[in-house]
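See below for the structure under consideration.
Numbering (this note's numbering), first residue to last: 631 to 1286.
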């Protein structure tokens, strides 16, 4: 066939991996092949002769033992959409998709391919396919790529498609090295006057000093306070003015990570170090003004609004901007792990500011708010149910705490965090206790080992501090680790829920495609999160996020780096697919609200049923709506989950 007549998307994987010469050879070597409706290009057990690239039409992939539809059933499916026949699909291929490559590589076909309508395919002969694989190893490897490799290809494909909108994500893609300024370093013995002059000359807002091997920061505000408020002389040395609890990043990190640190630690600058160790040299400084120079998606604006809010009304305005920011991050294709970190910092700061506004300082100093669930792990994107608890220091008197904490829960609801259906909130006295009582609860849960007790242990192990005395949470989680780390029987019980939900793959490793979609939370997210949580508990890993726990387990030698990378990519993919589904629901809700929705009386009658139905549907992924590459990624990711569950079963003796 003449190359000029071939309509193949050479700009997309896997064809984008070929050079111009090989693309030309492919175009010249294919032929158009026509299939009637219900024709079967490949059947179970067949030895493949070609790879098929669909030009027009649709092809379904069915399990080997699936019954073929007759013409009337197929016609009804095409007219009425999803029904019993369509739900039998384990794969669905349309124009631009290819199939048959795995048949060639495996030696035979394991499933059945059926044309749902008259279909035209470019037929790439096996001999030419293998020749392309030999001359371009990346092309052949694509079909057996690791999950992380395929994820990078998908990201590259989206970069190309999104073009200019991707350029607007400069802030999210910029590295710290792109905008850090050289550090202004002075001797600790230098005077305040010398510091002021040095800053003025350099146009800097801070300088670095070193005292007995410890590096510290002195800011312009520190110098002003020293002169005006403390009344120190202009020749007073800088040594006593430095702050030595530095918040640091490395030059290779994304600029957004510097923003996360600023938001989390409530500072206007971070230092840049060669490596994140106490003795590493400071090689740069990132000021808030540097970050503002790169922001492109309102993230920093939201952060500033949160910090400047003086009342709950102002916090509500800042909170209302978060969904807009989530959409921007999703449209720009920012990696889900990075988006989670940024949004978790902003969500956490919103909750912390609310706590500070409603709880008096004397009580905050002797208590600590715990964020739990996905918010505790830093894996929340859109706002979910409240999951929080409170630790009160032993001996501290706070008799009126119930009224205050109820107002706090109500305020969070006003910010868009609905009450927890399981009532795991500070407005429930069961989740508010002194240090001693919390330790007693943990001891009872460890001894009880029933479903509720194990769930509570998981909730507390994921907790992170958000307001108040953070040491109280660290101490409580340390107490839990000491109770559980060497208790093999407890760990076995604790791990078991990771196997509660089946992995949505067929016996042959293809995607199951139920009519209403795959529950990605049950089938993909939860097994990874809980399995990694169990391993972290066993090894005493104190990180709360799943990604950080994976990294710590690699360092500990508990898991291979390649396995960790695949599980991290799988979790990112599941979160991204789930977010896209949730954003669709959010848009539908907004459109419904704009249109007026149902009458109030009708809403009252349907509220609980609708909430329950929507909670489940927000996790459902319709595989037929995914691109071919996304389906490949999803299938590979779920395969990693299945393997991980088998390893968990073996390690914790769950097969018994």
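Just so it is clear, CB atoms sit at the ideal spot from N, CA and C, and this is done for glycine as well.
Boundaries of the beta strand (DSSP E) in which residue i is found, first to last residue
i, result
"residue 1016", "Counting along the chain, residue 1016 falls outside any beta strand (DSSP E), and DSSP gives it neither H nor E."
"residue 660", "It is not in any beta strand (DSSP E) - residue 660 carries neither H nor E in the DSSP assignment."
"residue 1133", "Residue 1133 -> no beta strand (DSSP E), and no H or E assigned at all."
Residue(s) in a DSSP beta bridge with residue i
i, result
"residue 742", "692"
"residue 755", "680"
"residue 723", "689"
"residue 915", "811, 901"
"residue 1094", "1001"
"residue 1062", "1020"
"residue 1251", "1148"
"residue 729", "682"
"residue 749", "665"
"residue 672", "743"
"residue 1141", "1135"
Cutoff 6 Å; reference residue i; Cβ partners in own chain excluding five residues on either side
i, result
"residue 1063", "none"
"residue 1177", "967, 1198"
"residue 1287", "This structure cannot speak to residue 1287, because the chain is shown only from 631 to 1286."
"residue 1089", "1002"
"residue 969", "959"
"residue 1118", "none"
"residue 1111", "1170"
"residue 678", "730, 733, 734"
"residue 1087", "1075"
"residue 636", "657"
"residue 1060", "none"
"residue 868", "818, 820, 825, 839, 848"
"residue 1102", "998, 1021"
"residue 1006", "1092, 1093, 1094, 1174"
"residue 624", "Nothing can be reported for residue 624: it is not among the residues displayed for the chain, which extend from 631 to 1286."
Residue i at chain B interface by Cβ criterion, 8 Å
i, result
"residue 1126", "The structure shown has no chain B; it contains just one protein chain."
Contacts around residue i, its chain only, beta-carbon distance under 7 Å, and the 5 residues preceding and following it disregarded
i, result
"residue 687", "745, 747, 748, 749, 750"
"residue 900", "877, 878, 879, 888, 891, 892, 916"
"residue 1261", "721, 1141, 1253"
"residue 753", "660, 661, 663, 680, 682"
"residue 1271", "1133, 1154, 1157, 1158, 1200"
"residue 673", "739, 742"
"residue 1188", "1165, 1169"
"residue 905", "880"
Test item: CB-CB of residue i and residue j under 8 Å
i, j, result
"residue 1165", "residue 1107", "no"
"residue 825", "residue 858", "no"
"residue 885", "residue 806", "yes"
"residue 730", "residue 667", "no"
"residue 647", "residue 768", "yes"
"residue 1039", "residue 1066", "no"
"residue 1020", "residue 1000", "yes"
"residue 691", "residue 719", "yes"
"residue 725", "residue 684", "yes"
"residue 1163", "residue 1123", "no"
"residue 811", "residue 914", "yes"
Endpoints, the alpha helix (DSSP H) within which residue i is located
i, result
"residue 1034", "1031–1044"
"residue 1103", "1101–1114"
"residue 1184", "1176–1185"
"residue 1163", "1156–1169"
"residue 893", "885–895"
"residue 1123", "1118–1125"
"residue 769", "767–772"
8 Å Cβ shell around residue i - same chain, five flanking residues per side excluded
i, result
"residue 1043", "1016, 1049"
"residue 1216", "953, 1012"
"residue 1205", "966, 970, 1009, 1011, 1155"
"residue 1069", "1106, 1109"
"residue 1160", "1088, 1125, 1127, 1128"
"residue 1190", "1184"
Proximity test, residue i beta-carbon vs the ligand MG heavy atom, cut-off 7 Å
i, result
"residue 1163", "As for the ligand MG, it is missing from this structure, which has no ligand bound."
| Runs of beta strand (DSSP E) wholly within the segment 804–879 (minimum 3 residues, chain order) | Runs of the beta strand (DSSP E) lying entirely within the segment 804–879, each at least 3 residues long, are 836–841, 844–849 in chain order.
| task | Let me know the beta strand (DSSP E) ranges lying completely inside the segment 948–1005, each 3 residues or longer, listed in chain order. | result | Counting only unbroken stretches of 3 or more residues, the beta strand (DSSP E) elements lying wholly within the segment 948–1005 are 997–1001, in sequence order.
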